[in-house]
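Protein chains in written order, with numbering that gives the first Met the number 0: chain A, 0 to 314; chain B, 0 to 312. Note that CB positions come from ideal geometry on N, CA and C, so glycine has one too.
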Amino acid sequence: MTSETVFKCSNCGAPLNYTPETIACVCEYCGTVNWFGEGRFEVFVLPTRARSEVINAFWGRMKSDPDMRRVYQEIELIEVQGFYVPILVGEVWVRGEWIGYKVVTEKKGKSYTTRTVRKSGSFNSAVRLAIEARRSAAEYGLPELVEQVRSVQSAHPLSSVDWRAVKLPVLNTEVSPEEAVDMLKDAAEDSMRQSIRASQGLDGFDYYRCDAEVRKYWILLAPLWCLVYKYRGGMFRASISGYNLQTLRVSEPVFLGHRIVYLIGSALASIAGAVIPALASSESEFPIGVIFLAAAVGAYLSSKAVSDVREEVWK
Amino acid sequence: MEVGFKQVTCPSCNALLKAPHAASVIVCPYCGYTFEVRSGRRLAYYMFPTYVDSPAAWRIVMQFIVRRYGVPEDFMVEANPRFSELHLVPYYVFRCRASSHCVRSGRGASYLETADYSVPAARTGRWIDSHLDGFSFSVRGRSFFDPRQAQRGRFHMPTVRYEEAHRAAHRFIEERALSEARESCGGAARLGSVEVDFVGLAHYPFWLMEYVYRGGVYRALLDASGGKVLYVEYPLRAGARAMMLAASAAIIGLGIASGLAVSATGSPLGLIGGVTTSVAAALPLLAKALASKSRGAETISRGGARYRWVKGG
Ligand SMILES: [Zn+2]
Ligand SMILES: [Zn+2]
Numbered sequence: 000m001t002s003e004t005v006f007k008c009s010n011c012g013a014p015l016n017y018t019p020e021t022i023a024c025v026c027e028y029c030g031t032v033n034w035f036g037e038g039r040f041e042v043f044v045l046p047t048r049a050r051s052e053v054i055n056a057f058w059g060r061m062k063s064d065p066d067m068r069r070v071y072q073e074i075e076l077i078e079v080q081g082f083y084v085p086i087l088v089g090e091v092w093v094r095g096e097w098i099g100y101k102v103v104t105e106k107k108g109k110s111y112t113t114r115t116v117r118k119s120g121s122f123n124s125a126v127r128l129a130i131e132a133r134r135s136a137a138e139y140g141l142p143e144l145v146e147q148v149r150s151v152q153s154a155h156p157l158s159s160v161d162w163r164a165v166k167l168p169v170l171n172t173e174v175s176p177e178e179a180v181d182m183l184k185d186a187a188e189d190s191m192r193q194s195i196r197a198s199q200g201l202d203g204f205d206y207y208r209c210d211a212e213v214r215k216y217w218i219l220l221a222p223l224w225c226l227v228y229k230y231r232g233g234m235f236r237a238s239i240s241g242y243n244l245q246t247l248r249v250s251e252p253v254f255l256g257h258r259i260v261y262l263i264g265s266a267l268a269s270i271a272g273a274v275i276p277a278l279a280s281s282e283s284e285f286p287i288g289v290i291f292l293a294a295a296v297g298a299y300l301s302s303k304a305v306s307d308v309r310e311e312v313w314k
Numbered sequence: 000m001e002v003g004f005k006q007v008t009c010p011s012c013n014a015l016l017k018a019p020h021a022a023s024v025i026v027c028p029y030c031g032y033t034f035e036v037r038s039g040r041r042l043a044y045y046m047f048p049t050y051v052d053s054p055a056a057w058r059i060v061m062q063f064i065v066r067r068y069g070v071p072e073d074f075m076v077e078a079n080p081r082f083s084e085l086h087l088v089p090y091y092v093f094r095c096r097a098s099s100h101c102v103r104s105g106r107g108a109s110y111l112e113t114a115d116y117s118v119p120a121a122r123t124g125r126w127i128d129s130h131l132d133g134f135s136f137s138v139r140g141r142s143f144f145d146p147r148q149a150q151r152g153r154f155h156m157p158t159v160r161y162e163e164a165h166r167a168a169h170r171f172i173e174e175r176a177l178s179e180a181r182e183s184c185g186g187a188a189r190l191g192s193v194e195v196d197f198v199g200l201a202h203y204p205f206w207l208m209e210y211v212y213r214g215g216v217y218r219a220l221l222d223a224s225g226g227k228v229l230y231v232e233y234p235l236r237a238g239a240r241a242m243m244l245a246a247s248a249a250i251i252g253l254g255i256a257s258g259l260a261v262s263a264t265g266s267p268l269g270l271i272g273g274v275t276t277s278v279a280a281a282l283p284l285l286a287k288a289l290a291s292k293s294r295g296a297e298t299i300s301r302g303g304a305r306y307r308w309v310k311g312g
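Here's what the structure looks like:
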C-alpha cells in the first residue's frame with residue numbers, strides 16, 4: 000500500500016488516519032467507528048472539556064501550588080495539545096490459590112536467626128483492568144490517565160459527543176479483540192500476584208495459580224491533554240485529563256529552597272545511619288537493614304538536591 | 000556506484016534504488032514498497048512522521064538543558080549548534096504471546112505472557128546506536144510511507160535479517176514467560192505454546208545533534224516524532240561543582256563525626272554505619288561534580304496494566 004491509498008469513513012466519506020496496525024479507526028468528523036479486521040469491540044468515550052477549560056485548569060493548578068504560586072507571573076504556556084487515546088478496559092473473573100513465604104529475622108539471646116514463614120490462601124473475585132490499546136506507547140501522563148480511566152464508572156456512547164465541535168485527533172485502536180482477551184488475562188494474573196504479594200508482605204511464592212476468565216471488555220476513548228510551559232527559559236510538561244480536568248502529571252522546577260531541604264535531609268540520613276545502629280544494637284532489630292535503608296534515603300535525597308524537576312503525579 | 004552498495008529495481012514502481020550490500024529488507028524511498036531481499040516477500044510497513052524540525056529540535060534541547068542544575072549562566076548565549084542530522088531508523092515490531100507451566104507437589108498452574116517487542120533493524124554506525132534499543136514509540140502519529148518524510152533525513156535500510164529479529168523476539172517472550180513461572184512457583188517450569196507475529200517494519204525519526212560551548216563539543220539525541228529528549232550532554236559551571244564537592248565533604252564529615260561520637264559510648268557499629276551511610280549519600284553529588292560532562296534524559300514512563308477490585312476477595 001502506498002501513500003496514495005486513502006481510506007474513507009464509511010458514514011461521511013471523510014479521510015481516515017488509517018495505518019497498517021489499525022484495528023478500529025474513529026472518524027474525527029462524525030464519530031463513526033471504521034473497522035479493519037475481524038472482530039469488533041464496543042467503543043465508548045469520555046467526552047473532553049473544551050481547550051479553554053483545560054488551559055484554565057492548568058493556570059488554576061499553578062496558582063494553587065505553594066511553590067509555583069510565587070513565580071506564576073514568569074510562566075509561559077507554549078503548547079497545548081489534546082487527543083483521544085484508546086484504552087482497553089475489561090472485567091475479569093479471577094479464581095486461584097497460592098502458597099507464599101516470608102523470611103523473618105529474629106534475635107534469640109545474642110544471635111540472630113532467620114526462619115521462613117509460610118502462608119496460603121485462595122481467591123475468587125472480579126477485577127477491572129485498563130491497558131493502553133496502542134503499541135509500545137509512551138506519553139507523558141499516559142499511565143496516570145489509564146489508572147484514572149479504570150475507576151471511572153460513567154462512559155458514554157460515541158454518538159453522545161458532538162464530533163464536529165470537538166475536533167480532537169482520535170488515536171487508532173491497535174489491538175484486536177482476540178489479543179485484548181490475552182492481554183487482559185495476562186494483566187489479571189500479574190496484578191493478582193502483585194497485590195497478594197504486597198498485601199501479605201510475601202518475599203515470594205512456592206505456588207500461585209490464577210485462572211482468569213474475561214467477562215466483558217470494551218474500548219474507552221479518553222481525552223489526554225499534553226501541555227508544555229516555560230519558566231526562566233527551561234521547558235516543563237504537564238498533562239491534564241480532559242474528562243474531569245484533573246492534573247495527571249506535572250513537572251516543576253526545583254527551587255533553591257528544595258535543594259537545601261534535600262541536602263539537609265541527606266545529611267540527617269547519614270547521622271541516622273551512625274546513631275540508630277548504635278542504639279539499636281542493644282534492641283532486637285538487625286542493624287544492617289537500618290544502615291542500608293539510611294544509605295538509600297541519603298543517596299536518594301542528595302540526588303534529588305541536584306535534580307532538574309520535581310514530578311507531581313495524580314493518585 | 001559507491002563501494003558497499005548495489006543497485007536494485009523496485010518491483011512496484013520500477014525505480015532504480017541504491018541499497019547497501021548488507022541490506023536484508025528494502026524500503027523503496029519513492030513508493031514505500033517493502034520487501035525482503037532474499038525471498039522477495041512483501042512486508043507490512045509504516046512510519047512515524049517527523050513532527051519536530053531542526054530549529055524546534057534545538058529549541059527543545061536548549062530548553063531542556065537550561066532547566067538542569069548547574070548549567071552556566073551564559074549557556075543560552077554561548078552554546079552554538081554545530082551539527083544536526085535526522086536519522087530514520089527502521090524497527091521490526093512483533094506481537095508476542097507465550098504460555099508457561101509449572102508443577103509443584105502435584106499441583107499444576109499455567110501462566111500467559113503477552114508483549115510487544117520492537118528491535119532496531121539497522122545500526123546507524125553513530126554513537127546514538129546504544130540509545131535506540133528498548134525505545135518506546137510516541138503514542139501519537141503513525142502513518143503510511145510518505146516520500147517527503149523519507150527524504151528529509153538519512154533513511155537507513157534494514158541490515159538486521161528478519162529471521163534474526165524474529166528469533167530475538169522468540170527469546171524475549173520465552174524468557175518473560177519462564178521468569179513469570181519461576182516467580183510464581185517453586186517447582187520445575189517449562190514453556191508452553193509460543194507465538195510471535197510480525198506486525199510490521201517501522202521507520203522512526205531521531206535528531207542527532209552536536210553543539211559547542213566555550214570550545215567543548217556536546218551531544219544530544221531527540222525523538223523527532225514525539226519531541227522527547229533522549230540524551231543530552233551539557234557543561235557544569237565551576238561554582239556548582241565546588242558547591243557539590245563542599246556538600247559531599249560536609250555530609251561525609253557529619254557521618255564520620257556522629258559515628259565517632261556514638262562509638263565513644265561503646266558501640267563500633269555507629270562508626271561503620273556513619274561512614275557507609277554518608278559515603279552513599281554523598282555519591283550522587285560526587286559523581287556529578289567529578290564528571291567532565293553532565294548527562295541527562297527526559298523520563299516518560301510507559302502506560303501499563305492497572306487493576307482494581309470490583310467485588311469479592
Ligand atoms: Zn465520518
Ligand atoms: Zn518503489
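- Interface with chain A (8 Å Cβ-Cβ cutoff): GLN62/B is included.
- Relative to ligand 1, the beta carbon of TYR28/A is positioned inside 7 Å of a heavy atom.
- Beta-bridge annotation (DSSP): ALA187/B is paired with VAL102/B.
- Excluding sequence positions up to five before and after ARG69/A, its CB lies less than 7 Å from no other CB in the same chain.
- Under the Cβ criterion (8 Å, minimum of three pairs), the stretch 100-117 of chain B does not count as touching the stretch 231-250 of chain B.
- With 5 Å as the limit, the residues whose C-beta approaches a heavy atom of ligand 2 more closely than that are CYS9/B, SER11/B, CYS12/B, ALA14/B, CYS27/B, TYR29/B, CYS30/B and TYR32/B, in chain order.
- Assignment of beta-bridge partners to THR113/A by DSSP yields THR104/A.
- Taking HIS20/B as the centre and dropping the five residues before and after it, the same chain places the C-beta of GLY3, PHE4 and LYS5 closer than 8 Å to its C-beta, in chain order.
- Taking CB atoms only, THR104/A has no neighbour in chain B less than 8 Å away.
- The C-alpha of GLY140/A is placed about 8 Å away from the C-alpha of CYS225/A.
- Closest in alpha carbon position to LEU220/B, among ILE127/B, ARG66/B, THR33/B and MET61/B, is ILE127/B.
- With a cut-off of 7 Å, the C-beta of ALA180/B is classified as distant from ligand 1, since no heavy atom of the ligand falls inside that distance.
- Listed in chain order, the alpha helix (DSSP H) elements of length 4 or more contained wholly in the stretch 60-84 of chain A amount to none.
- Inter-residue distance for ARG151/B and PRO28/B is about 11 Å (C-alpha atoms, whole angstroms).
- Under the Cβ criterion of 8 Å, LYS229/A is counted among the residues facing chain B.
- With respect to LEU220/A, TYR28/A sits apart: the two C-beta atoms are not nearer than 8 Å.
- GLY69/B counts as buried, since no fewer than 16 other beta carbons sit within 10 angstroms of its beta carbon.
- What THR18/A touches in chain B, judged by beta-carbon distance under 8 Å, is TYR45, ARG141, SER142 and PHE143, going in chain order.
- Under the three-pair Cβ rule at 8 Å, the stretch 256-276 of chain B does not count as touching the stretch 166-182 of chain B.
- Residues of chain B whose Cβ lies closer than 9 Å to the Cβ of TYR206/A are, in chain order, CYS101, ARG103, SER104, ARG106, ALA108, SER183, CYS184, GLY185 and GLY186.
- Of all alpha-carbon atoms in ALA237/A, SER265/A, TYR230/A and ILE239/A, the one lying nearest the alpha-carbon of PHE254/A is that of TYR230/A.
- If you check the CB distance, GLY30/A and ARG50/A do not come in under 8 Å.
- Burial check for LEU289/B: the Cβ neighbour count within 10 Å stays below 16, so the residue is exposed.
- Runs of the beta strand (DSSP E) lying entirely within the stretch 16-89 of chain B, each at least 3 residues long, are 24-26, 33-35 and 44-46 in chain order.
- With contacts defined as CB atoms closer than 8 Å, VAL274/B and GLY252/B fail to qualify as a contacting pair.
- Taking 8 Å as the cut-off, the Cβ atoms of ILE290/A and PHE40/A do not count as close.
- CA-CA distance, THR123/B to ALA22/B, rounds to 13 Å.
- ASN10/A counts as exposed, since fewer than 16 other C-beta atoms from the protein chains shown sit within 10 angstroms of its C-beta.
- Within the same chain, ALA237 and GLU311 come within 6 Å of VAL249/A by CB-CB distance, once the 5 residues on both sides are set aside.
- Taken atom to atom, the span from the alpha-carbon of GLY214/B to that of ARG58/B is near 21 Å.
- In the three-state reduction of the DSSP assignment, PHE197/B falls in the strand class, which pools E and B.
- For GLU173/A, the three-state secondary structure derived from DSSP is coil.
- Not a single CB atom of chain B sits nearer than 8 Å to the CB of VAL116/A.
- Residue nearest to PRO156/A within the set VAL32/A, THR18/A, LEU15/A and SER306/A is VAL32/A (criterion: CA-CA distance).
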